[in-house]
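In the numbering used here, the protein residues as written are 164 to 284.
C-beta: ideal position from N, C-alpha, C; glycine also.
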């Protein structure tokens, strides 16, 4: 089922812990047989930090540990210093947007509406 959904989307490849024969047959047809399929170890846990070397300079940063819970948007203060009570739908959209940008590069912008990301850069 997932392979059928992926086969209709525009993408360069897929990464997953396993692929069955049917999925491989479906995915092999994508991009004229040049669709990248990578199998990962499902037991492997990612590092808590990321490291890159750019022009000889080694950069390291920790994983974002921020999380969203029920009270994350309780204390939003407006320009008039009044606390805002956000509707449940807005809180949900904020949580979706946060989850989307958490794994993007810094200074990313995301617009979520009705529980879906509709724009991000």
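Can you give the Cα-Cα distance for residue i and residue j, rounded to whole angstroms?
i           : j           : result
residue 179 : residue 219 : 33 Å
residue 183 : residue 258 : 33 Å
residue 186 : residue 278 : 28 Å
residue 177 : residue 235 : 32 Å
residue 246 : residue 205 : 44 Å
residue 175 : residue 208 : 24 Å
Could you spell out where the beta strand (DSSP E) holding residue i opens and where it closes?
i           : result
residue 223 : 220-225
residue 217 : 212-217
residue 173 : Counting along the chain, residue 173 falls outside any beta strand (DSSP E), and DSSP gives it neither H nor E.
residue 274 : 273-276
Please list the terminal residues of the continuous alpha helix (DSSP H) segment that includes residue i.
i           : result
residue 189 : 184-191
residue 179 : Run containing residue 179: none in the alpha helix (DSSP H); it sits in the beta strand (DSSP E), 176-179.
In this structure, what does DSSP give as the bridge partners for residue i?
i           : result
residue 251 : For residue 251, which the question treats as bridged, DSSP gives no partner whatsoever.
The segment 219-229 contacting the segment 192-208, beta-carbon criterion three pairs below 8 Å: Result no; under three Cβ-Cβ pairs closer than 8 Å.
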